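Colleague: I have a structure here, written as structure tokens, and I will follow up with some questions on it.
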Amino acid sequence: MSGPADTVPSEPVVPAHLWQPIEVAGRELANRLAVAPMSRVSTTGDGVPTEQMRDYYATFAAGGFGLVITEGIYPIGPGAQGYADQPALVTDAQVAGWRAVVDAVHQAGGLIIAQLMHAGALSQFLTATVGPSVHTPRGQKLAEYGGSGPYPTPSALTQDQIDQIVAGFAASAALAAAAGFDGVEVHAANGYLLDQFLTDYTNTRTDAYGGNPAARALLAAQVLTAVRASTGGRLIVGLRLSQAKVNDSRHRWRDEHEATAVLTTVAAAAPDYLHLAGEGRPWTQSGQAADGTALGPLARAITGVPVIVNGGLHDPALAEEVLHTGQADLVSIGRGALADPHWPTKIRTGGPTREYTDDMITPSASVQNTMDFLRRTDPPTRQAP
Ligand SMILES: Cc1cc2nc3c(=O)[nH]c(=O)nc-3n(C[C@H](O)[C@H](O)[C@H](O)COP(=O)(O)O)c2cc1C
Numbered sequence: 030m031s032g033p034a035d036t037v038p039s040e041p042v043v044p045a046h047l048w049q050p051i052e053v054a055g056r057e058l059a060n061r062l063a064v065a066p067m068s069r070v071s072t073t074g075d076g077v078p079t080e081q082m083r084d085y086y087a088t089f090a091a092g093g094f095g096l097v098i099t100e101g102i103y104p105i106g107p108g109a110q111g112y113a114d115q116p117a118l119v120t121d122a123q124v125a126g127w128r129a130v131v132d133a134v135h136q137a138g139g140l141i142i143a144q145l146m147h148a149g150a151l152s153q154f155l156t157a158t159v160g161p162s163v164h165t166p167r168g169q170k171l172a173e174y175g176g177s178g179p180y181p182t183p184s185a186l187t188q189d190q191i192d193q194i195v196a197g198f199a200a201s202a203a204l205a206a207a208a209g210f211d212g213v214e215v216h217a218a219n220g221y222l223l224d225q226f227l228t229d230y231t232n233t234r235t236d237a238y239g240g241n242p243a244a245r246a247l248l249a250a251q252v253l254t255a256v257r258a259s260t261g262g263r264l265i266v267g268l269r270l271s272q273a274k275v276n277d278s279r280h281r282w283r284d285e286h287e288a289t290a291v292l293t294t295v296a297a298a299a300p301d302y303l304h305l306a307g308e309g310r311p312w313t314q315s316g317q318a319a320d321g322t323a324l325g326p327l328a329r330a331i332t333g334v335p336v337i338v339n340g341g342l343h344d345p346a347l348a349e350e351v352l353h354t355g356q357a358d359l360v361s362i363g364r365g366a367l368a369d370p371h372w373p374t375k376i377r378t379g380g381p382t383r384e385y386t387d388d389m390i391t392p393s394a395s396v397q398n399t400m401d402f403l404r405r406t407d408p409p410t411r412q413a414p
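Written as structure tokens, this is what we have:
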């Protein structure tokens, strides 16, 4: 079959690892391929997932991804919303909207996890923001998400506000369970609130949440513990970490000592998986701390749970190598999946895949673009694992 002009041929990959099923917290995933969380902010202002979003998310499962992780969803609690038109898990209507998405993904044969995200000081939407300490974020707001100019300077969270935020994550996780999700992923990556706590230059607190890497990881661990308690073993509970941030792609954990302190602190809260994101950088670069410590194997050893890694892994040979060499248990694909939600099945059968181009990042156009592309191409049949 010759594909449309915007697709490239792929060689069928016969890997030993990519297509192997894996169990995460007692649930079987059909293969080692997850869709990375990608904010598409395409609700109509009320935070309620639309029918278009239902169809959009289901296409990834139909295309062979064993796991779909949603875009960042804002939870109950003050200052959480990151973007206009971002979906939420706060109201009954939002739960009902997500239930339709979840059912569609399940019918297409995939599992789906809700990513819960508190934007903190990096909100593109709020004018009064909160963070660990009073530091104006680096960089400028994201134009493609409706932001412009510098970020406002956040106010430092009080203990009472921190408690409300922890409770908010837990309450929204319970709503995720009510919507039928298979799990929740706590977003502590990419520069958003929990990562602001993790990072030395945004967190200069002198209380229990600051002063050293383990203290800076405390809030992420507390959120994990609260989420697990509120969902009572009904959901997979994962955690996403990254070194780099949307507003600082160069940041690195200093060394093995810092990485070990962070990973040990969050491991004590017993996540079911860890997801290491390569925000803005490929995994081949973002998989090491500044001193060269390889983070995938370290995370696997310290946590003892499946580790998902991410960043430029839509090259199937590279993805296979990452699994084969023990750097991770699963890989997540972001832009490659956005460009072609049927990437797994096409890679497996040698069909042409569509390449990511920068214009696809525009949220309003992107979901429609993805759906239009799929309408133009043959829907593949999901392969048995
Ligand atoms: C359009 C877009 C939206 C994103 N939104 C989120 C998000 O909501 N939550 C998150 O943790 N990461 C988000 N990311 C980061 C991706 O999950 C991923 O880490 C990044 O794209 C690198 O992976 P890739 O090289 O496979 O694209 C987003 C990335 C893109 C391109």
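Residue numbering for the sequence shown follows the working numbering, beginning at 30 and increasing consecutively.
Ideal Cβ placement from N, Cα and C applies to all residues, glycine included.
Since this is a predicted model, take the numbers as computed values, not measurements.
Apply the 10 Å Cβ neighbour rule to G379 and answer buried if 16 or more other Cβ atoms are within range, or exposed otherwise.
Modeller: Position 350 of the sequence shown, counting from 1, holds the residue named residue 379. Per the 10 Å Cβ criterion, exposed.
Colleague: Is it the case that the segment 232-248 contacts the segment 288-299, given that we only count it when at least three CB pairs across the two stretches are under 8 Å?
Modeller: yes
Colleague: When we look at the beta-carbon of D121 and count the other beta-carbons within 10 Å, is it buried (16 or more) or exposed?
Modeller: Against the sequence shown, residue 121 aligns to sequence position 92. Exposed.
Colleague: Is A65 a contact residue of ligand 1, with contact defined as CB to any heavy atom under 7 Å?
Modeller: Taking the first residue of the sequence shown as position 1, residue 65 is located at position 36. Yes - ligand 1 has a heavy atom lying nearer than 7 Å to the Cβ of A65.
Colleague: Just checking my contact of V213 with A202 at CB under 8 Å: how many whole Å lie between their CB atoms?
Modeller: Reading the sequence shown from its first residue, position 184 is the one you call residue 213. Reading the sequence shown from its first residue, position 173 is the one you call residue 202. Right, their Cβ atoms sit about 5 Å apart.
Colleague: Indicate whether the contact test is met: 3 or more Cβ pairs, each with one atom in the segment 360-374 and one in the segment 339-346, closer than 8 Å.
Modeller: yes
Colleague: Does the Cβ-Cβ distance between L305 and A328 come in under 8 Å?
Modeller: For the purposes of this step, residue 305 is taken as residue 276 along the sequence shown, with counting starting at 1. For the purposes of this step, residue 328 is taken as residue 299 along the sequence shown, with counting starting at 1. Yes. Within cutoff.
Colleague: Please list the segments of the beta strand (DSSP E) lying wholly inside the segment 238-314, counting only runs of 3 or more residues, in order along the chain.
Modeller: Counting whole runs of 3 or more residues, the segment 238-314 contains the beta strand (DSSP E) stretches 265-274, 302-306.
Colleague: CB-CB under 7 Å to Q412, same chain, minus the five flanking residues each way: which ones, in chain order?
Modeller: As a working mapping, residue 412 is identified with position 383 in the sequence shown. Low local confidence applies: a pLDDT of 48 at Q412 is under 50, so the model's placement there is unreliable, with the coordinate-based value given in what follows. Around Q412: G93, T374, R377.
Colleague: In the DSSP assignment, what are the bridge partners of A14?
Modeller: No answer is possible for residue 14: the residues shown for the chain start at 30 and end at 414.
Colleague: Quick one: using the 10 Å Cβ neighbour count with 16 as the cut-off for buried, is A34 buried or exposed?
Modeller: Position 5 of the sequence shown, counted from the start, is the residue given in the question as residue 34. Bear in mind that the predicted position of A34 carries a pLDDT of just 39, short of 50, making it unreliable; the figure below should be weighed with that in mind. Exposed, since its Cβ has fewer than 16 Cβ neighbours within 10 Å.
Colleague: Would you kindly check if the distance between the Cβ of G316 and the Cβ of Q356 is under 8 Å?
Modeller: Position 327 of the sequence shown, counted from the start, is the residue given in the question as residue 356. Position 287 of the sequence shown, counted from the start, is the residue given in the question as residue 316. The answer is yes: Cβ separation under 8 Å.
Colleague: Measuring alpha carbon to alpha carbon, tell me which of T235, Q169, E173, I142 ends up nearest A205.
Modeller: Here residue 205 refers to the residue found at position 176 of the sequence shown. Checked all of T235, Q169, E173, I142; the closest Cα to A205 is I142.
Colleague: Given a cut-off of 8 Å on the beta-carbon distance, is the pair E158 and G149 in contact?
Modeller: Mapped onto the sequence shown, residue 158 falls at position 129. Mapped onto the sequence shown, residue 149 falls at position 120. Sequence inspection shows Thr at residue 158; the Glu mentioned does not correspond to that position. Yes; because the gap between Cβ atoms is below 8 Å, this pair is in contact.
Colleague: Taking DSSP as the reference, what is the three-state secondary structure of A413?
Modeller: On the sequence shown, residue 413 is found 384 positions in, with the first residue counted as 1. Caution is warranted here: a pLDDT of 45 is assigned to A413, below 50, making its placement in the model unreliable, and no coordinate value can be reported.
Colleague: Of all the CB atoms in chain B, is at least one closer than 8 Å to the CB of A90?
Modeller: The displayed structure is made up of one protein chain only, and chain B is not part of it.
Colleague: Report yes if the CB atom of Y112 is closer than 8 Å to the CB atom of Q81, and no otherwise.
Modeller: Position 83 of the sequence shown holds residue 112. Position 52 of the sequence shown holds residue 81. Their beta carbons are not under 8 Å apart, which means Y112 does not touch Q81 by this criterion.
Colleague: How big is the Cα-Cα spacing for A273 and P183?
Modeller: Taking the first residue of the sequence shown as 1, we reach residue 273 at position 244. Taking the first residue of the sequence shown as 1, we reach residue 183 at position 154. The straight-line gap from Cα to Cα measures roughly 20 Å.
Colleague: Nearest to I98 by CA position, among F198, V130, V163, is which residue?
Modeller: Here residue 98 is taken as the residue at index 69 of the sequence shown, counted from 1. Out of F198, V130, V163, V130 has the C-alpha closest to the C-alpha of I98.
Colleague: Output needed for A258: all residues of its chain with C-beta closer than 7 Å, excluding positions within five of it in sequence on either side, in chain order.
Modeller: The residue you call residue 258 lines up with position 229 of the sequence shown. These residues qualify, in order along the chain: A199.
Colleague: Please report the distance separating the alpha-carbon of H371 from that of D84.
Modeller: Sequence index remark: in the sequence shown, residue 371 carries index 342 (1-based). Sequence index remark: in the sequence shown, residue 84 carries index 55 (1-based). When rounded, the distance between both Cα atoms is 13 Å.
Colleague: If you draw a straight line from the C-alpha of S68 to the C-alpha of E100, how long is it?
Modeller: In the sequence shown, the residue the question calls residue 68 occupies position 39. In the sequence shown, the residue the question calls residue 100 occupies position 71. Approximately 4 Å between the Cα atoms of the pair.
Colleague: Going by the DSSP bridge assignment, what does A143 pair with across the sheet?
Modeller: Within the sequence shown, residue 143 is the residue found at index 114, counting from 1. Beta-bridge pairing links A143 to V213.
Colleague: Is G178 buried or exposed, if buried means 16 or more other CB atoms sit within 10 Å of its CB?
Modeller: To locate residue 178, count along the sequence shown from 1; it is residue 149. Answer is exposed; the Cβ neighbour count stays below 16.
Colleague: Could you round the C-beta distance between G197 and A117 to whole angstroms and report it? I think they count as a contact, below 8 Å.
Modeller: Taking the first residue of the sequence shown as position 1, residue 197 is located at position 168. Taking the first residue of the sequence shown as position 1, residue 117 is located at position 88. Going by Cβ atoms, the distance from G197 to A117 rounds to 11 Å, so no, they are not a contact pair.
Colleague: Nearest to Q225 by alpha carbon, out of D192, P50, H164?
Modeller: Numbered from 1 along the sequence shown, position 196 holds the residue referred to as residue 225. Ranking D192, P50, H164 by Cα distance to Q225 puts H164 first.
Colleague: Taking 7 Å as the cut-off, is the C-beta of L223 nearer than that to any heavy atom in ligand 1?
Modeller: In the sequence shown, the residue the question calls residue 223 occupies position 194. Incorrect: L223 has no Cβ contact closer than 7 Å to ligand 1.
Colleague: Exposed or buried, which one is H280 when buried takes at least 16 other CB atoms within 10 Å?
Modeller: On the sequence shown, residue 280 is found 251 positions in, with the first residue counted as 1. It is buried - the Cβ of H280 has at least 16 other Cβ atoms within 10 Å.
Colleague: Ends of the alpha helix (DSSP H) at L204?
Modeller: Here residue 204 refers to the residue found at position 175 when the sequence shown is read from its first residue. Here the alpha helix (DSSP H) through L204 covers 188-207.
Colleague: Could you check whether the Cβ of Q81 sits closer than 7 Å to any heavy atom belonging to ligand 1?
Modeller: Within the sequence shown, residue 81 is the residue found at index 52, counting from 1. Result no, Cβ not under 7 Å from ligand 1.
Colleague: Should P50 be labelled buried (16 or more other beta-carbon atoms within 10 Å of its own) or exposed?
Modeller: For the purposes of this step, residue 50 is taken as the residue at position 21 of the sequence shown. Per the 10 Å Cβ criterion, exposed.
Colleague: Distance check for L96 and L62, CA to CA, integer angstroms please.
Modeller: Taking the first residue of the sequence shown as 1, we reach residue 62 at position 33. Taking the first residue of the sequence shown as 1, we reach residue 96 at position 67. Approximately 7 Å, taken between the alpha carbons.
Colleague: Looking only at its chain, what residues have a beta carbon closer than 6 Å to the beta carbon of G175, apart from the 5 residues adjacent to it on each side?
Modeller: Locating residue 175 in the sequence shown gives position 146, where the first residue counts as 1. If we look at G175 and ignore the five residues flanking it on each side, its Cβ neighbours are A113, Q153.
Colleague: Over what stretch of residues does the alpha helix (DSSP H) that includes R69 continue unbroken?
Modeller: In the sequence shown, residue 69 corresponds to position 40, counting from 1. Looking at the DSSP string, R69 is not in any alpha helix (DSSP H), and its letter there is neither H nor E.
Colleague: Is M146 near ligand 1, in the sense that its beta carbon is under 7 Å from a heavy atom of that ligand?
Modeller: Indexing the sequence shown from 1 puts residue 146 at position 117. Under cutoff, so the answer is yes.
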